[in-house]
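In the numbering used here, the protein residues as written are 1 to 200.
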């Protein structure tokens, strides 16, 4: 959000609502966000594409999930709204981690969305059912081995922030590690992929 104020809007199965505003007419699954905070209000095409794909993650209501580069925590909040019992939201920036924690409280999800300021190592080695990473392609590439290792067999990886010119390289890299594309969104400037890890 870069510190700016926004108004309610619908994206996918969700309605993003600024804190303090009434739920708009026709509100679907609400996600309440502080009016000012870190990147990730849901309006950018990368975040919007992730929000569109999240309801299609099989068994998301049973997922132990990770949101890497969480920003406001909007993807973590969305996963929890869809039933995910535990979501670890990790960001390097303290203001982002604070914003995520505040937004979890606004949505009464403090017991399910856990904001962590730090690097990927902070989450330990136990695998997740769902790994979400809406970050830059030049980070997704070197982290590929780690992100796939953190995904349980038959689990899912949601990747976004991928410039169109890098999408084939990203798909090839993650495919070489045993992942396959389940669904995708190709926007004007960025690509988003939902992948499944091999069950072996």
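Each residue gets a CB set at the ideal place from its N, CA and C atoms; glycine is no exception. Just so it is clear, the structure is predicted and the values come from calculations on it, not from any experiment.
Task: Inter-stretch contact (C-beta, 8 angstroms, three-pair minimum) for the region 146-157 and the region 111-130 - done: With a cut-off of 8 angstroms on Cβ pairs, the region 146-157 is in contact with the region 111-130, counting three or more such pairs.
TODO: Measuring only between beta-carbons, confirm whether residue 27 sits less than 9 angstroms from chain B.
DONE: No chain B appears in the structure shown, which is made up of a single protein chain.
- [ ] With DSSP as the reference, label residue 65 as helix, strand or coil.
- [x] Residue 65: strand per DSSP, three-state reduction.
Task: Whole-angstrom distance between residue 175 and residue 185, CA atom to CA atom - done: Their Cα atoms are separated by approximately 17 angstroms.
Open item on the list: Suppose the cutoff is 8 angstroms on Cβ atoms and the five residues either side in sequence are ignored; what does the same chain contact list for residue 154 look like?
Closed with: Taken in chain order, the residues that qualify are 196, 197, 198, 199.
- [ ] May I ask you to report which of helix, strand or coil DSSP gives residue 89?
- [x] Here residue 89 sits in strand by DSSP.
Task: Exposure label - residue 122; buried when at least 16 CB within 10 Å - done: With fewer than 16 other CB atoms across the displayed protein chains lying within 10 angstroms of its CB, residue 122 is exposed.
TODO: Report yes or no: do the region 131-148 and the region 157-165 share at least 3 C-beta pairs separated by less than 8 angstroms?
DONE: The region 131-148 is in contact with the region 157-165.
Task: Nearest to residue 55 (by Cα), restricted to the options 19, 84, 67, 173 - done: Among 19, 84, 67, 173, the Cα nearest to that of residue 55 is on 84.
TODO: Enumerate in chain order the residues of its own chain whose CB-to-CB distance from residue 94 is below 7 angstroms, with the five nearest sequence positions on each side excluded.
DONE: Excluding positions up to five away in sequence, the list reads 117.
Task: Paired residues, beta bridge with residue 7 - DSSP - done: DSSP lists no partner for residue 7.
- [ ] Measuring alpha carbon to alpha carbon, tell me which of 163, 171, 119, 170 ends up nearest residue 187.
- [x] The closest CA to that of residue 187, considering only 163, 171, 119, 170, is found on 163.
- [ ] Check whether the Cβ atoms of residue 89 and residue 67 lie closer than 9 angstroms to each other.
- [x] Their beta carbons are under 9 angstroms apart, which means residue 89 touches residue 67 by this criterion.
TODO: Please name the residue in 119, 91, 108, 177 whose C-alpha comes closest to that of residue 141.
DONE: Of the residues 119, 91, 108, 177, the one whose Cα lies closest to the Cα of residue 141 is 177.
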